[in-house]
């Protein structure tokens, strides 16, 4: 117990001694640090004063240098300014000297000019005197001429002016007639060149088709199989295709008749397939007709698309392409309408290019102008009106619609595009060889044309040429003068227009000539 107390006492005494000792140690350290801080602050103050003195000295030196440089710069600028002023003064002095010399020269020239003016005044005086004498002489001569001619000068002047006016009018009239004649010839030549160039660049072969189709048979025995027992096969074919089958004495041939060319094509293909297959009965007939109908519809669509592509006409509505494809099986006066539409498109495009008109619109309107013929047997109205209505229905522009609707009209309100389509349509339809006519009708028209020409007095001979597109008339030289030939040509033209019906136009040429023949012996 005593040991523990002793240990505790020792510990307490040691702790007290440690506290006292630590206090004195910290106090000693704090005193030294304070002394060290005071010394450091004194040293920093001393260094700062020294640095301030150095900066002050440097500033003074810098100020002196700047002042010296400014002084030198000012002195140099002053010297330069003084030199420039001296140069300016020298130039001014030289100019003053030059002005003095020029002033002396001007004074001399003024004296010379004054002398010349006096000389000119003297000459003017002499000239005025001479003019007065000349005027008196002219007046005397005019009085003498008036006495001799018996008219005054005013009357003579008016007469001369009137003669000049008459000559000028006569000459102007001749020039106007010449210009009109040259303009007419040039316009005719240019229009002929455009049409001839367009026709020359495009030529097409036409497929001659009628309202009937002929199917060749391997033998006459096939006719009985087509007719069938009690005619059931032929009735089934006619009912399925909507056509009429004509089986007569024509060897190895069956004629299919229908106003609808598409139906006729379906019937022809179906009958050919049935003949090739050999199985001909009502059930098989209906099956083959449906299959062929699908094939023909596909051909129509492909034909419309290919034709549009070949003509360079794009973005056409599919329904219009279908109608265009149907024209493949449509004919007009034995002229294939699709081929005709293609030719009109090319001709209109070429003429539009020559006339600087929109080529794309011309080709588009030309291709679609007869689109109404694809359904004109199903819808009432003219094919032009039907085609325009369908073009409007399927989004064609107003320019195309108007050209389609008026391509057979002669109204003056037609547009340039409509006139182009009319011209191309006439060229395609009316050129020789494009359409076929009955021989009797053709011969009758030529006979009537020549009969009209020979009905006039003074006509010697006449010839219808160019497939009836031109008639040349030879007149008797003794009975018909040049002026009468002009009037005769006009009278024949009027009579042809009033009495004949013909496609396109007919050129009438009256020829009057004198022939002199002698024999060398």
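Numbering (this note's numbering), first residue to last: 809 to 1329.
From the three backbone atoms N, C-alpha and C, an ideal C-beta is built for every residue, glycine too.
Between residue i and residue j, which are expected to be in contact by the criterion C-beta below 8 Å, what is the C-beta distance as a whole number of angstroms?
{"i": "residue 1213", "j": "residue 1192", "result": "5 Å"}
{"i": "residue 1088", "j": "residue 1036", "result": "7 Å"}
{"i": "residue 1314", "j": "residue 1277", "result": "6 Å"}
{"i": "residue 1171", "j": "residue 1226", "result": "Incorrect: roughly 14 Å between the Cβ atoms, too far for contact."}
{"i": "residue 1071", "j": "residue 1051", "result": "5 Å"}
{"i": "residue 1160", "j": "residue 1228", "result": "6 Å"}
{"i": "residue 1025", "j": "residue 1060", "result": "5 Å"}
{"i": "residue 1090", "j": "residue 1040", "result": "6 Å"}
{"i": "residue 1254", "j": "residue 1232", "result": "Incorrect: roughly 26 Å between the Cβ atoms, too far for contact."}
{"i": "residue 1288", "j": "residue 1304", "result": "Incorrect: roughly 18 Å between the Cβ atoms, too far for contact."}
{"i": "residue 1209", "j": "residue 1200", "result": "5 Å"}
Where does residue i land, buried or exposed, given buried means 16+ other C-beta within 10 angstroms?
{"i": "residue 916", "result": "exposed"}
{"i": "residue 1078", "result": "buried"}
{"i": "residue 1198", "result": "buried"}
{"i": "residue 991", "result": "exposed"}
{"i": "residue 1169", "result": "buried"}
{"i": "residue 870", "result": "exposed"}
{"i": "residue 1215", "result": "buried"}
{"i": "residue 949", "result": "exposed"}
{"i": "residue 1066", "result": "buried"}
{"i": "residue 1204", "result": "buried"}
{"i": "residue 1267", "result": "buried"}
{"i": "residue 1190", "result": "exposed"}
{"i": "residue 1104", "result": "buried"}
{"i": "residue 1153", "result": "buried"}
{"i": "residue 970", "result": "exposed"}
{"i": "residue 1134", "result": "buried"}
{"i": "residue 862", "result": "exposed"}
{"i": "residue 826", "result": "exposed"}
{"i": "residue 1030", "result": "buried"}
{"i": "residue 1151", "result": "buried"}
{"i": "residue 1076", "result": "buried"}
{"i": "residue 1241", "result": "Confidence is the limiting factor: at residue 1241 the pLDDT is only 46, short of 50, which leaves the residue's position unreliable, though a coordinate-based value still follows. Residue 1241 should be labelled exposed."}
{"i": "residue 902", "result": "exposed"}
{"i": "residue 841", "result": "exposed"}
{"i": "residue 1196", "result": "buried"}
{"i": "residue 1144", "result": "buried"}
{"i": "residue 956", "result": "exposed"}
{"i": "residue 1157", "result": "buried"}
{"i": "residue 853", "result": "exposed"}
{"i": "residue 1279", "result": "buried"}
Quick one: residues in its chain with C-beta nearer than 8 Å to the C-beta of residue i, no 5 flanking neighbours on either side, listed in chain order?
{"i": "residue 1132", "result": "1111, 1112, 1115, 1116, 1124, 1146, 1149, 1175, 1176, 1179, 1182"}
{"i": "residue 1011", "result": "Low confidence applies here, because residue 1011 scores a pLDDT of 45, under 50, leaving its location unreliable; read the following figure in that light. None."}
{"i": "residue 1093", "result": "1041, 1044, 1045, 1048, 1078, 1082"}
{"i": "residue 1307", "result": "1256, 1260"}
{"i": "residue 833", "result": "none"}
{"i": "residue 884", "result": "none"}
Please return the same chain residues whose Cβ sits closer than 7 Å to the Cβ of residue i, not counting the five positions on each side in sequence.
{"i": "residue 1053", "result": "1042, 1045, 1046, 1062, 1064"}
{"i": "residue 906", "result": "none"}
{"i": "residue 1330", "result": "Within the shown structure, residues of the chain are numbered from 809 to 1329, placing residue 1330 beyond reach of any answer."}
{"i": "residue 1222", "result": "1214"}
{"i": "residue 867", "result": "none"}
Strictly by DSSP, which residues pair up with residue i?
{"i": "residue 870", "result": "Paired residues: none, contrary to the question."}
{"i": "residue 1278", "result": "1273, 1315"}
{"i": "residue 936", "result": "DSSP output for residue 936 lists no bridge partner at all."}
{"i": "residue 1053", "result": "1064"}
{"i": "residue 1140", "result": "1143"}
{"i": "residue 847", "result": "Bridge partners of residue 847: none, in fact."}
{"i": "residue 1021", "result": "1064"}
{"i": "residue 969", "result": "Per DSSP, none; premise fails for residue 969."}
{"i": "residue 1267", "result": "1283"}
Which same chain residues, not among the five before or five after residue i, have their C-beta less than 6 Å away from its C-beta?
{"i": "residue 1069", "result": "1137, 1138"}
{"i": "residue 1319", "result": "1282"}
{"i": "residue 1211", "result": "1173, 1225, 1226, 1229"}
{"i": "residue 1309", "result": "none"}
{"i": "residue 1013", "result": "Below a pLDDT of 50, predicted positions are generally treated as unreliable, and residue 1013, at 42, falls in that range; no measurement from the model is reported."}
From the beta carbon of residue i, is the nearest beta carbon of chain D less than 8 Å away?
{"i": "residue 1304", "result": "Annotation note: the requested chain D is absent from the structure, which comprises a single protein chain."}
- Query: Three or more beta-carbon pairs under 8 Å between the stretch 1039-1059 and the stretch 1090-1100, yes or no?
  - Reply: Short answer: they touch.
- Item | Inter-stretch contact at 8 Å, needing at least 3 Cβ pairs: the stretch 1122-1129 / the stretch 1140-1151 | When C-beta atoms of the stretch 1122-1129 are compared with those of the stretch 1140-1151, fewer than three pairs fall below 8 Å, so the two segments do not count as touching.
- Message: Any contact between the stretch 1290-1299 and the stretch 1253-1260? By contact I mean 3 or more CB pairs, one from each, below 8 Å.
- Response: Contact fails: fewer than three Cβ-Cβ distances are below 8 Å.
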